[in-house]
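Data block below; observations after.
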Amino acid sequence: MSDHSEIIERKLNLNSSPEKVWQALTDPVQLSKWFGQTAKFELIEGAIGYFGWQDHGKFAMRIEKIIPQRFFSWRWMTPKDASFDLTQSTLVEWSLVPLDDGGTKLTMIESGFKSEKSFQDNVGGWTHELAELVESLGEESL
Amino acid sequence: MDIFYALADPTRRNIISELRLLNNQSITQLTNNQSITRQAITKHLNILTRVGIVKIIWKGREKHHSLNPDSLKELADWLKPYARLWDQRLDQLTEFLGENNE
Chain U
1 MSDHSEIIER
11 KLNLNSSPEK
21 VWQALTDPVQ
31 LSKWFGQTAK
41 FELIEGAIGY
51 FGWQDHGKFA
61 MRIEKIIPQR
71 FFSWRWMTPK
81 DASFDLTQST
91 LVEWSLVPLD
101 DGGTKLTMIE
111 SGFKSEKSFQ
121 DNVGGWTHEL
131 AELVESLGEE
141 SL
Chain E
1001 MDIFYALADP
1011 TRRNIISELR
1021 LLNNQSITQL
1031 TNNQSITRQA
1041 ITKHLNILTR
1051 VGIVKIIWKG
1061 REKHHSLNPD
1071 SLKELADWLK
1081 PYARLWDQRL
1091 DQLTEFLGEN
1101 NE
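Top line first, the protein sequences correspond to chains U and E. According to this note's numbering, the residues represented by the first sequence are 1 to 142, in order. According to this note's numbering, the residues represented by the second sequence are 1001 to 1102, in order.
Rendered as structure tokens:
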């Protein structure tokens, strides 16, 4: 079983304190205000829970690693409405680093994509995407 | 000049598609496949080269045009629809945290 080598990485510098960001990530009530509509889990390594979207279904997840205020990771299912299965999950890792001004540098990395298809969700390739994107930006003619 | 400007032209997108099918073509080869003039193709290739989508390679004394895989990869990465979901979620996080109330 080999992993596709692609990852998604995003970094944000936030004004909010690490404590506040940590709560937003790890409290299911707060998480479900910006990530899906429902989230149910206990903050314990190895605990199984789920994230739910009204339009997309429920995705089972497992809490992986907790380093309070600093690092939080989960694995979650790629297919919806299925019980947790390691081989069909990707890993999402959050790291929080305090900034000098009291804010937080937040990094998100998702990895463990098993196939190009699950990563791109669009096997048609990016050329079509490029055309769509550019049209939405407004074409300029020379 | 940025990469999106370079892409905002259907002829240039056609050149990119053409090079994806068959990479490393000379201007003559590229002109044969398009219904526009050699001069126009040259102008478009210059733009694509300036933003780094196309690079020049030499085959003997002949100049060939080659897609630069790194620039395309960066762009493809930005475009991946799944990755964009994360941008949306992180926007929602930022709003939830009240970061936009400055």
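Quick reminder that beta carbons are idealized off the backbone N, C-alpha and C, glycines included. Fair warning: this is a prediction, and the values are worked out from it, not measured in the lab.
Can you give me the start and stop residues for the beta strand (DSSP E) that E:V1054 sits inside?
The continuous beta strand (DSSP E) containing E:V1054 extends over residues V1054 to K1059.
Would you call the CB atoms of U:I7 and U:S95 closer than 7 angstroms?
Cβ distance not < 7 angstroms, so U:I7 and U:S95 don't count as in contact.
U:G102 versus U:R10, U:E19 and U:E9, residue with shortest Cα-Cα distance:
Of the listed residues, the one whose Cα sits closest to U:G102 is U:E19.
Any contact of the segment 1050-1066 of chain E with the segment 1018-1031 of chain E, i.e. 3+ C-beta pairs under 8 angstroms?
Yes, the segment 1050-1066 of chain E touches the segment 1018-1031 of chain E.
Could you confirm whether any beta carbon from chain E is found closer than 7 angstroms to the beta carbon of U:R75?
Not a single CB atom of chain E sits nearer than 7 angstroms to the CB of U:R75.
Report the three-state DSSP secondary structure of U:G125 (helix, strand or coil).
The predicted model places U:G125 with a pLDDT of 40, which falls under 50 and marks its position as unreliable, so this point remains unresolved.
Leaving out the 5 sequence neighbours to the left and right, which residues in its chain are closer than 6 angstroms to E:E1062 when beta-carbon positions are compared?
Cβ contact annotation for E:E1062 (same chain, cutoff 6 angstroms, sequence separation greater than five): S1026, in chain order.
Mind checking which residues open and close the alpha helix (DSSP H) that includes U:A60?
Unbroken run through U:A60 is the beta strand (DSSP E), G57 to I67; no alpha helix (DSSP H).
Uninterrupted beta strand (DSSP E) stretches inside the segment 27-53 of chain U (no shorter than 3 residues):
Counting only runs of 3 or more, we get 38-40 and 48-53.
Same chain, Cβ closer than 7 angstroms to U:G148, five either side skipped, listed in chain order
The structure shown does not extend to residue 148 of chain U, since chain U is modelled only from 1 to 142, so the question has no answer here.
Taking U:I109 as part of the beta strand (DSSP E), name the residues at either end of that continuous run.
Per DSSP, the unbroken beta strand (DSSP E) holding U:I109 starts and ends at T104 to S111.
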